[in-house]
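There are 2 protein chains.
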Amino acid sequence: MERCAVAVDLGGTNIRTAAIGPDARIWIKHTEPTAAREGREAVLRRLVEAVQRIIADCRAAGAEPVGVGVGTPGVIQMQSGVVTEAPNLPDWQNVPLRAILAACLPLPVWIENDANAAALGEHWAGAGRGSEHLICLTLGTGVGGGIILDGKLWRGVDGSAGEIGHMSLDPRGARCGCGRTGCLEAYASATGIVRMAREAIDRGDPTRLQAFTPPSRGELTAARVYQAALEGDRVAQDIWQCMGSYLGIALANLVNLLNVELIVLSGGVTQAWELFIGTTEAEMRRRAFDIPARRARIARAMWGDEAGLLGAAALIWQGV
Amino acid sequence: MERCAVAVDLGGTNIRTAAIGPDARIWIKHTEPTAAREGREAVLRRLVEAVQRIIADCRAAGAEPVGVGVGTPGVIQMQSGVVTEAPNLPDWQNVPLRAILAACLPLPVWIENDANAAALGEHWAGAGRGSEHLICLTLGTGVGGGIILDGKLWRGVDGSAGEIGHMSLDPRGARCGCGRTGCLEAYASATGIVRMAREAIDRGDPTRLQAFTPPSRGELTAARVYQAALEGDRVAQDIWQCMGSYLGIALANLVNLLNVELIVLSGGVTQAWELFIGTTEAEMRRRAFDIPARRARIARAMWGDEAGLLGAAALIWQGV
């Protein structure tokens, strides 16, 4: 009987589950809404049911599930398997996630922070395959990071390492969702792109994004800023240049500090790749020293939304 | 017969040598000028002679030297023992330092970057004893860094990791000696302190440092800015606050990224400890997340100038 890992990506929006083989092949995949607003108990119940369903699916297909790997937002105390904080999931404080799942499920359970899981996924079966020292940045609604050194995740003393999204790059810079100023996330996330576009609109800059004044303001997304830039809108293009520039400063700081061989960029914002990557590379090489800048290759993630699921499977197949 | 390590700290100004026991006791210590301007060959010759002298001193004192550890400026290719770049030593490019010393000396030779050696020294026998995950920042003429994770130096792929002095903190900030703008070193080094004082003088700020207008301009040092602040000079005090604030931002970035348990601050600039550390701690806690900020203790180095020598000895006693 073939063996499979049950992989779970618990997100602020969706719970995704998959059965994944030791060769990183995804056999079965399900998605359902997290409905985080219904509260912690409801989310946990849905999570357990989703895993039970995919275990049943595996067995019906003649495969043997050997373990459950879960990527979750927040900071995880690794020894206890407790999620100490999870900003994207209201009322998640000190949730003993591993113990709860282990009590409800017939299989061993591993849990990992979602950005770390994405890094593991790309390292195991994506753009980071073959690299032992890499950093994976996920540029989505926010910016997350995972650091792999000597082939292993660097989690830090409390499991909170890799918080690259809130690297402070400009003490008098833009306000970030975290309340601080000048964080990378304020520029290199979808939220940051929308903020910069709104500021351009409010300044009256000549851009087709002016169509998104009230009452259409809520429809402005990073994807629309991308589309406008692609179609030649200079203001929109400048926004992506600004994003690319701050991202480049952050990468310079990272390679100066850790001298890794690879930076993997993932997440929805990387769809605008060609609009920012030239600026990012140039800024990184300008700000970093020659040796670490020459060493660090910047690569686009191979797996989009699925890196986290693959990383959750890697928890099992790499015996973490 | 007692055994000792021969430790060498090769600096831009002095070559220091010592005989150090396995208990970190310094038995003998010598200092002589590097005279870097005389060129690479002359420096290497003086270095070899200094080591031969201390080996002879050890033997005369009845001790058996077991190896030579050298801390050197620059980036070191660890496998080959080649110093690829050393900004503080003119015409040092691709110097096969380990091979040269090994050929001239009767003992095995280890070499390490000087900031890494200081981190090793504090970890082995100083403020970092008992901590397995720490970062050591040396605030001197420049700012250097060493990162210890899981009890081992993190050197990076090319041996250039730990370049914390050139972390970019303010894209439109002060010009740094490296030619870039807004680096930590532009604020938290002795050079940065003097630069800020000169700017205050040039602005005509009401400060006793106005005594250092030409022709006395060259006599302005970080120590004098420290002295003025101690004696109540508000402009000088503000300079130390500004230094402390940028240092705090850098520490916030470091603990968010690596979630270490300890930050050790060493180097001559830390003599002004009480003038900046409050600001530094406050800024770090304001900019970092709660969990890593609560975890990270900030400690003053136990060894001043001698941390590098102790680290060079640790190379031998820890069998690196």
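Residue numbers (the numbering used here), protein chains in the order written: chain C, 1 to 320; chain E, 1001 to 1320.
From the three backbone atoms N, C-alpha and C, an ideal C-beta is built for every residue, glycine too.
Check	Outcome
Under 9 Å by beta carbon: chain E residues contacting LEU89 (chain C)	The contacting residues do not exist; LEU89 (chain C) stays about 16 Å from chain E at best.
CA nearest to the CA of PRO1033 (chain E), picked from E:ALA1056, E:ILE1054, E:ASP1009, E:ARG1025	E:ASP1009
Closer than 7 Å to chain E by CB, MET78 (chain C)	no
Any C-beta of chain C under 7 Å from that of GLU1321 (chain E)	Given that chain E is displayed from residue 1001 to residue 1320, the structure contains no residue 1321 (chain E) and the question cannot be resolved.
Same chain only: Cβ atoms within 8 Å of THR1213 (chain E), ignoring 5 sequence neighbours per side	ILE1201
Touching by the beta-carbon criterion (3+ pairs, under 8 Å), the stretch 1117-1131 of chain E and the stretch 1296-1311 of chain E	yes
Bounding residues of the beta strand (DSSP E) (the contiguous stretch that carries GLY71 (chain C))	63-72
Inter-residue spacing [alpha-carbon to alpha-carbon] between LEU149 (chain C) and GLY1081 (chain E)	22 Å
Per DSSP, cross-strand counterpart(s) of ARG1175 (chain E)	E:THR1181
Which listed residue (E:PRO1065, E:PRO1090, E:ARG1208, E:PRO1096) has its alpha carbon closest to that of GLN1079 (chain E)	E:PRO1096
Residue burial classification, ASN94 (chain C) (beta-carbon count within 10 angstroms, cutoff 16)	exposed
Pick from C:GLU38, C:MET1, C:GLN52 that is closest to ALA18 (chain C), judged by C-alpha positions	C:GLN52
Through-space distance from ALA117 (chain C) to ALA299 (chain C), alpha-carbon basis	17 Å
Nonlocal neighbours in the same chain, by C-beta distance under 7 Å from GLY1267 (chain E), ignoring five residues either side	THR1138, LEU1139, GLY1140
For GLU132 (chain C) and ILE76 (chain C), believed in contact at Cβ under 8 Å, the rounded distance	No, ILE76 (chain C) and GLU132 (chain C) are not in contact; Cβ-Cβ is about 23 Å, not under 8 Å.
GLY1244 (chain E), enclosing alpha helix (DSSP H) - first and last residue	1234-1258
DSSP-derived helix/strand/coil call for GLU38 (chain C)	helix
Through-space distance from PHE289 (chain C) to VAL1068 (chain E), alpha-carbon basis	29 Å
Buried/exposed call for GLU1219 (chain E), threshold 16 Cβ in 10 Å	exposed
Partner residues on chain E for GLU261 (chain C), Cβ-Cβ distance less than 7 Å	VAL1157
Range of the contiguous beta strand (DSSP E) that encloses VAL1083 (chain E)	1082-1085
Short CB-CB distance (under 7 Å) between PHE1276 (chain E) and chain C	no
Inside the stretch 1111-1169 of chain E only - beta strand (DSSP E) runs reaching at least 3 residues	1134-1139, 1143-1149
Nearest residue (CA-CA) to GLY121 (chain C), options C:VAL70, C:GLU163, C:SER160, C:HIS166	C:VAL70
Boundaries of the beta strand (DSSP E) in which LEU1230 (chain E) is found, first to last residue	LEU1230 (chain E) -> not in any beta strand (DSSP E); alpha helix (DSSP H) instead, spanning 1222-1230.
Residues that THR84 (chain C) contacts on chain E, provided the C-beta gap is smaller than 7 Å	ILE1291
Selection of the stretch 1205-1238 of chain E by Cβ proximity to chain C, strictly under 8 Å	none
Near-chain E residues of the stretch 102-131 of chain C (beta-carbon distance less than 9 Å), N- to C-terminal order	none
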